[in-house]
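Data first, discussion second: the structure below is written as C-alpha cells.
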Amino acid sequence: MEIKQSVTEEQICAFEENGVVEFISGSHLWGKWFQPENFDPVDSASYEENPDFVKIPDIQAEREQHKIVAWDMAPGDVLAFHALIVHGSGGNHSNSTRRRGYVVRYTGREAVYCTDPGSQPGNCNPNLNDGEILDSQQYPVVWQNGEYVY
C-alpha cells in the first residue's frame with residue numbers, strides 16, 4: 329500500500345465550528361436499531377427503509393434529555409465506536425476550514441454480506457450474495473492469524 333499524500337493539520341481537524349461528530353453516550357445499549365437518515369440537503373444519498381428499524385427521535389429537540397459527548401479532533405486522532413451508538417454532526421459553519429472524515433469498518437471473521445433494507449447504498453456490492461464471507465476487493469481481509477495480510 330502506498331500513501332500518495334500526507335495528512336496535515338489543515339486538512340482533517342474537526343471541532344465544533346466545522347461540525348465535529350457528536351454521540352449520545354450509552355445509546356448503543358438501548359437495544360434499538362434506528363433507521364439511518366441523511367440530514368444533508370446537498371447530499372442525495374438515501375437509505376432504503378427497513379421495517380424492523382425504529383425512527384430516530386428528534387435529538388435536537390431533546391438534547392437536554394441525553395448525555396451528548398464530542399471531542400475536538402487533531403491530526404492523528406482516531407475515534408472508534410460501536411455501530412449502534414446514535415451519532416451525527418451539524419453542518420460546517422467555518423468559512424476557512426473544510427471538514428473531512430474517513431470511515432473504516434472492521435468486522436470479525438464470522439461477518440457475512442447482507443443486503444437488508446436500510447443498508448448504505450455505497451456499501452452494496454452486486455458481486456456478493458447474502459451470506460457470503462466478507463472477503464473481496466471491496467471488503468479485504470487485513471488481519472488474519474495475528475498478522476497483517478493486506
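Going by our numbering, the letters in the sequence shown line up with residues 329 to 478, in that order.
Note that beta-carbon positions come from the ideal geometry of N, C-alpha and C, so glycine has one too.
This one's a predicted model, so the numbers in the text were calculated from it and none came from an experiment.
Asked, Found
"What does a CB cutoff of less than 7 Å around glutamine 466 pick up in its chain, not counting 5 residues either side in sequence?", "Asn453"
"Please work out which residues of its chain come closer than 7 Å, Cβ to Cβ, to serine 417, disregarding the five sequence neighbours upstream and downstream, and give them in chain order.", "Gly347, Val348, Val349 and Glu350"
"Relative to the C-alpha of glutamine 448, which candidate in Asn366, Ile352 and Trp358 has its C-alpha closest?", "Asn366"
"On the CB-based measure, 16 or more other CB atoms within 10 Å of its CB, does valine 469 come out buried or exposed?", "exposed"
"Which residue's Cα is closest to the Cα of arginine 433: Asn420, Glu377, Leu407 and Asp458?", "Leu407"
"Who does tryptophan 471 pair with in a DSSP beta bridge?", "Tyr476"
"Note the first and the last residue of the continuous beta strand (DSSP E) segment covering alanine 398.", "396-398"
"Residues in the same chain with beta-carbon distance under 6 Å from glutamate 337, minus the five sequence neighbours each way, listed in chain order, please.", "Confidence in glutamate 337 is poor, its pLDDT being 48 and thus under 50, which makes the residue's placement unreliable; the coordinate value appears in the next sentence. If we look at glutamate 337 and ignore the five residues flanking it on each side, its Cβ neighbours are Pro403."
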